[in-house]
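UniProt numbering puts the first residue of the sequence shown at 1, with every later residue one more than the last.
Even glycine gets a Cβ: it sits at the ideal position worked out from N, Cα and C.
Read through the structure below, which is laid out as structure tokens, and then see the notes.
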Amino acid sequence: MNELQFSAMIKEHSPSLRSHAIRYTRNEDDADDLVQDTMIKAIRFYKNFQEGTNIKGWLFVIMRNTFINDYRKNTRKNALITQTDEISSQDLVVSASENDATGTFIMGDIQKALASIPEVYSTPFTRYFEGHKYQEIADEFGIPIGTVKTRIHMAREMLKTYLKNYQSER
Numbered sequence: 001m002n003e004l005q006f007s008a009m010i011k012e013h014s015p016s017l018r019s020h021a022i023r024y025t026r027n028e029d030d031a032d033d034l035v036q037d038t039m040i041k042a043i044r045f046y047k048n049f050q051e052g053t054n055i056k057g058w059l060f061v062i063m064r065n066t067f068i069n070d071y072r073k074n075t076r077k078n079a080l081i082t083q084t085d086e087i088s089s090q091d092l093v094v095s096a097s098e099n100d101a102t103g104t105f106i107m108g109d110i111q112k113a114l115a116s117i118p119e120v121y122s123t124p125f126t127r128y129f130e131g132h133k134y135q136e137i138a139d140e141f142g143i144p145i146g147t148v149k150t151r152i153h154m155a156r157e158m159l160k161t162y163l164k165n166y167q168s169e170r
């Protein structure tokens, strides 16, 4: 059986698939989408169908699995996105967008904090923050890797002390 013959065969089952899809979705438009997705998957994987077996049952299994996968995907998406009309300040805390003035002010404080710690600590920390590996930093400065780790740790501690006002806001 070729793909064209298979497509004609499954098209005969679309009315029963649609009525079954309406039971899942309880919405005609969503049911049409589910039937379409089922048909596309069936055609894409038609070689997996064994001739002589129940094609209608095979299509229903594809539909059920498609519905379950879409439901799980939408559940995860809705858990990450606030669906309410009113957005509280708690929702804004985890928001990716911040007030530009606040962001500029914070970046200024971070720059001041970096400038206030000794260069022997700030330089390895900056390199590490830029994505360099400990070994790369050690090779660049000609110092042992343990020293690099210690200096980065000390820089973090100094920055924590300098920026402790921001720590209490989290």
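C-alpha gap between residue i and residue j, whole angstroms
| i | j | result |
| --- | --- | --- |
| lysine 149 | isoleucine 137 | 10 Å |
| residue 172 | alanine 42 | The structure shown does not extend to residue 172, since the chain is modelled only from 1 to 170, so the question has no answer here. |
| residue 172 | leucine 163 | A query on residue 172 cannot be resolved here, the shown segment of the chain reaching from 1 to 170 and no further. |
| leucine 4 | lysine 133 | 56 Å |
| alanine 96 | proline 118 | For alanine 96, the predicted model reports a pLDDT of 48, less than 50, meaning its position is unreliable; a value from the coordinates is still stated below. Distance between the alpha carbons of alanine 96 and proline 118 is about 32 Å. |
| aspartate 33 | methionine 1 | 27 Å |
| alanine 155 | glycine 146 | 14 Å |
| isoleucine 62 | alanine 31 | 14 Å |
| arginine 151 | proline 124 | 7 Å |
| isoleucine 10 | leucine 17 | 10 Å |
| threonine 126 | phenylalanine 105 | 20 Å |
| residue 171 | valine 35 | Lying before the first or after the last residue shown, residue 171 is absent from the chain, which here runs from 1 to 170. |
| phenylalanine 45 | glycine 52 | 16 Å |
| threonine 75 | glycine 131 | 35 Å |
| phenylalanine 49 | isoleucine 55 | 8 Å |
| phenylalanine 129 | arginine 26 | 51 Å |
| residue 172 | phenylalanine 67 | An answer regarding residue 172 cannot be provided, because it is not within the stretch 1 to 170 covered by the chain. |
| alanine 115 | glutamine 135 | 24 Å |
For residue i, the three-state DSSP class (helix, strand or coil)
| i | result |
| --- | --- |
| asparagine 69 | helix |
| glycine 142 | coil |
| alanine 96 | Summary for alanine 96: the model assigns pLDDT 48, below 50, so the residue's position carries little reliability; its value from the coordinates is reported in the next sentence. Correct three-state label for alanine 96: coil. |
| leucine 114 | helix |
| leucine 163 | coil |
| methionine 158 | helix |
| methionine 1 | coil |
| threonine 150 | helix |
Residue range of the alpha helix (DSSP H) that includes residue i
| i | result |
| --- | --- |
| glutamate 130 | From DSSP, glutamate 130 is part of no alpha helix (DSSP H); its letter is neither H nor E. |
Can you list the alpha helix (DSSP H) stretches of 4 or more residues lying completely in the UniProt domain "RNA polymerase sigma-70 region 2" (9–76), in chain order? 14–25, 28–44
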